[in-house]
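To start, the structure itself, in structure tokens.
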Amino acid sequence: MRFKPQPGDLIEIFRGSYQHWAVYIGDGLVNPGAGAYSMMSIVCDRARVTWAGFWDVVGTDEWRTNNILDDQCEPRSADLVVQEARRLVGTELPYSVFTSNCEHFATDLRYGKAQSRQLLLDLRAAAIVSVGVLQDGGVTCSRRRNLY
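In our numbering, the protein residues as written are 352 to 499.
Structure (structure tokens):
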């Protein structure tokens, strides 16, 4: 169900064969940033954290607020999530489609626990994502290829 996200909410964006995850940090911004027509690439092992406007990331894709682990984990305070997300902007982090992807990043910010349900629930999606060499202006890898 779509409704106005609140700071600290997780945003799930449906990109066909996979979902992109981001954290709403208020004023229409999400973290990490990703363009509307992008997917992840496994040719990179590092990602630069950025932010972008909400609609720049979502584009015309379907999306929803999805605080996926709220029934299992106590979410961190919205202020702490936003503060940590802003602190990470500009930093370079390890990236792996299996252990350090956008969903891991988002759940770690909200819950202090990195998890990727889409990989657990549908390994086919991970395989499709892992073979792509795709582009975006949001999160970029250290080899200067784009991740998201």
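Ideal Cβ placement from N, Cα and C applies to all residues, glycine included.
Within its chain, find whatever has a CB closer than 7 Å to the CB of Glu-435; leave out the 5 residues flanking it on each side and keep chain order. On the sequence shown, position 84 is the one that residue 435 refers to. Within the same chain, Glu-435 has close Cβ partners Leu-460.
Which residues in the same chain have their Cβ closer than 6 Å to the Cβ of Phe-365, if we skip the five residues on either side of it in sequence? Counting from 1 along the sequence shown, the entry for residue 365 is found at position 14. Correct list, in chain order: Asp-412, Glu-413.
By how many angstroms is the C-alpha of Val-433 removed from the C-alpha of Trp-402? Stepping through the sequence shown from its first residue, residue 402 is reached at position 51. Stepping through the sequence shown from its first residue, residue 433 is reached at position 82. Cα to Cα, Trp-402 sits roughly 12 Å from Val-433.
Hey, would you say Ala-457 sits closer than 8 Å to Gln-357, going by beta carbons? Sequence index remark: in the sequence shown, residue 457 carries index 106 (1-based). Sequence index remark: in the sequence shown, residue 357 carries index 6 (1-based). Result no, Cβ atoms of Ala-457 and Gln-357 do not sit closer than 8 Å.
Based on Cα-Cα distance, which residue from Gly-377, Ser-447, Thr-450, Ser-368 lies nearest to Gly-404? In the sequence shown, the residue the question calls residue 404 occupies position 53. The option with the nearest alpha carbon to Gly-404 is Gly-377.
Indicate the three-state DSSP secondary structure (helix, strand or coil) for Glu-425 in the structure shown. In the sequence shown, residue 425 corresponds to position 74, counting from 1. Correct three-state label for Glu-425: coil.
Burial state of Trp-406, where buried means 16 or more other Cβ atoms lie within 10 Å: In the sequence shown, residue 406 corresponds to position 55, counting from 1. Under this definition Trp-406 is an exposed residue.
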